[in-house]
Amino acid sequence: MFIQTGTAALDGHSATLDINVGHFTSIPWIPCYSLFETWPVNLIPCESSGVRELANQARVDFTPMAVADWFELERGWRRLRNFGIGIHRKADSVLFFSQQPLHELDAAPIAICGETANSVRALQAVLKGRYGLRIGKWQRGVDEDDATTPRLLIQNQAVEERNRRRFEYVYDLGEEWFSWQGTPLVSAVWVHREDADPAAVEAVENLLFSSLQRYRANPAAAISDHRRRHGWGMSVEEIQRLHKNFEYELGDMAELGIERQRAVLPVTIEGFEKP
464 MFIQTGTAAL DGHSATLDIN VGHFTSIPWI PCYSLFETWP VNLIPCESSG VRELANQARV
524 DFTPMAVADW FELERGWRRL RNFGIGIHRK ADSVLFFSQQ PLHELDAAPI AICGETANSV
584 RALQAVLKGR YGLRIGKWQR GVDEDDATTP RLLIQNQAVE ERNRRRFEYV YDLGEEWFSW
644 QGTPLVSAVW VHREDADPAA VEAVENLLFS SLQRYRANPA AAISDHRRRH GWGMSVEEIQ
704 RLHKNFEYEL GDMAELGIER QRAVLPVTIE GFEKP
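When you line the sequence shown up against this note's numbering, it's residues 464 to 738, in that order.
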């Protein structure tokens, strides 16, 4: 369930701009939402796997969107400048856990966390294209008490599982992709509705640019504020190191990575189609 929030909910005043902006609260997205409580918009809490539905229901006007979803929806959604989240090489927060090495997982059952839209397609591409494996039956949702089923986790869940040290093999999907394709793996791009008011587009661009500037000026303060709100177990220093794995204003290599993903990522996730 998605509940609308925004300045109206935070300070008792109406939002100045009547637009809905997707709000990701997970750790990798902190730099994009520095001082978000001052944003004069309606913030819509969401996660990657839910954005497509929100977009189709016209419940968001501006949002990060998984690259794989944007490929299918781009006729109605335009990029918001070069904002997004790209993995330089290692992500440390898009991780595949297994008790066996990857090359032994032919047709293996795999658990996929519910939040991912892009990484699950990248995993299928890597397993088939790089390792020549058949895709087995995949399940959406992860049993935390199960320490045997291979699993793909992203963002906070990935970091927490890595810290438990329960799985013998941990693969970084960003590293796997880079070693195979030679480009960064871009998880999401910021987009806006094709018919969005140009003034609103400029306003959100300025909000994002200012947020990134504030974060770069004092990352510890931005992280500390976010950590107080959400109670993450990672230290400020750990989160700051994690953020160095990402770029939020996508450069030429990341743009090349997007085009490689367009060519390589599957439209259908085979594991979810199996009986």
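Quick reminder that beta carbons are idealized off the backbone N, C-alpha and C, glycines included.
query                                                                                                                             : result
Contacts around LYS591, its chain only, beta-carbon distance under 7 Å, and the 5 residues preceding and following it disregarded : ILE598
Alpha-carbon spacing of THR468 relative to GLU567, whole angstroms                                                                : Interpretation of THR468 is limited by its pLDDT of 36, a score under 50 that renders its predicted location unreliable; no figure is taken from the coordinates.
Chain-order list of residues whose beta-carbon lies under 6 Å from that of GLN644 (same chain, five-residue window excluded)      : ARG723
Between the CA atoms of GLU657 and GLY539 - distance to the nearest angstrom                                                      : 5 Å
Residues sharing a beta bridge with MET697, DSSP                                                                                  : In DSSP, MET697 forms no bridge with anything.
Where LEU473 falls: helix, strand or coil (DSSP)                                                                                  : Confidence at LEU473 is low in this model, with a pLDDT of 34, below 50, so the placement of that residue is unreliable and no value is reported for it.
Sufficient close CB pairs (3 or more, under 8 Å) joining the segment 552 to 571 to the segment 614 to 625                         : yes
Bridge partners - PHE487, DSSP secondary structure assignment                                                                     : BP columns for PHE487 are empty, so no partner.
VAL740 burial status per 10 Å Cβ neighbour count (16 or more: buried)                                                             : For the chain, the structure presents residues 464 to 738; residue 740 sits outside this window and is missing.
Per-residue burial, ASP555 [other beta carbons within 10 Å of its own, 16 or more giving buried]                                  : buried
Contact between the segment 484 to 491 and the segment 684 to 704 (3+ Cβ pairs under 8 Å)                                         : yes
Cutoff 8 Å; reference ILE732; Cβ partners in own chain excluding five residues on either side                                     : VAL583, ARG584, GLN587, TRP601
Continuous beta strand (DSSP E) stretch holding ILE732: start and end                                                             : Unbroken run through ILE732: none, as it is neither H nor E.
C-beta atoms of ALA571 and GLY604 nearer than 8 Å                                                                                 : no
Reduced DSSP secondary structure (H/G/I, E/B, other) of GLN724                                                                    : helix
Span separating the alpha-carbon of GLY475 from that of TRP502                                                                    : Note that GLY475 has pLDDT 34, beneath the 50 cutoff, so the model's placement of it is unreliable and the number below is only indicative. Approximately 13 Å between the Cα atoms of the pair.
Buried versus exposed, by CB contacts within 10 Å (16 or more), GLU510                                                            : buried
Selection from THR611, LEU498, LEU719, LEU506 that minimises the alpha carbon distance to LEU481                                  : With the sequence shown as reference, residue 481 is identified as Asp, and Leu is not the correct amino acid for it. Measuring from the Cα of ASP481, the nearest candidate turns out to be LEU506.
Local conformation of ILE466 per DSSP, three classes                                                                              : Confidence at ILE466 is low in this model, with a pLDDT of 31, below 50, so the placement of that residue should be treated as unreliable; the coordinate-derived value is given next. Coil at ILE466, not helix or strand.
Bounding residues of the beta strand (DSSP E) (the contiguous stretch that carries SER673)                                        : Premise fails: SER673 lies in the alpha helix (DSSP H), 661 to 680, not in any beta strand (DSSP E).
Sequence-distant residues of the same chain with beta carbon closer than 8 Å to GLN703, five excluded per side                    : PRO682, ALA683, ILE686
Neighbourhood of ALA472 by C-beta distance below 6 Å, restricted to the same chain and skipping five residues each side           : Residue confidence for ALA472 is low, a pLDDT of 37 falling below 50, so the modelled location carries little weight and cannot support an answer.
Environment of VAL649 [buried if 16+ CB atoms lie within 10 Å]                                                                    : buried
Spatial neighbours of ASP524 in its chain, beta-carbon cut-off 8 Å, leaving aside the 5 residues before and after                 : ILE482, ASN483, VAL484, HIS655, ARG656, ALA659, ALA663
Exposure label - GLU607; buried when at least 16 CB within 10 Å                                                                   : exposed
Local conformation of GLY599 per DSSP, three classes                                                                              : coil
Residue environment, SER698, which counts as buried when at least 16 other CB atoms sit within 10 Å                               : exposed
Cβ separation of ARG552 and PHE641, assumed to be a contact under 8 Å, to the nearest whole Å                                     : 5 Å
CYS576 versus GLU736: straight-line alpha-carbon distance, rounded                                                                : 16 Å
Those residues which DSSP pairs with ALA531 across a bridge                                                                       : Beta-bridge pairing links ALA531 to no other residue.
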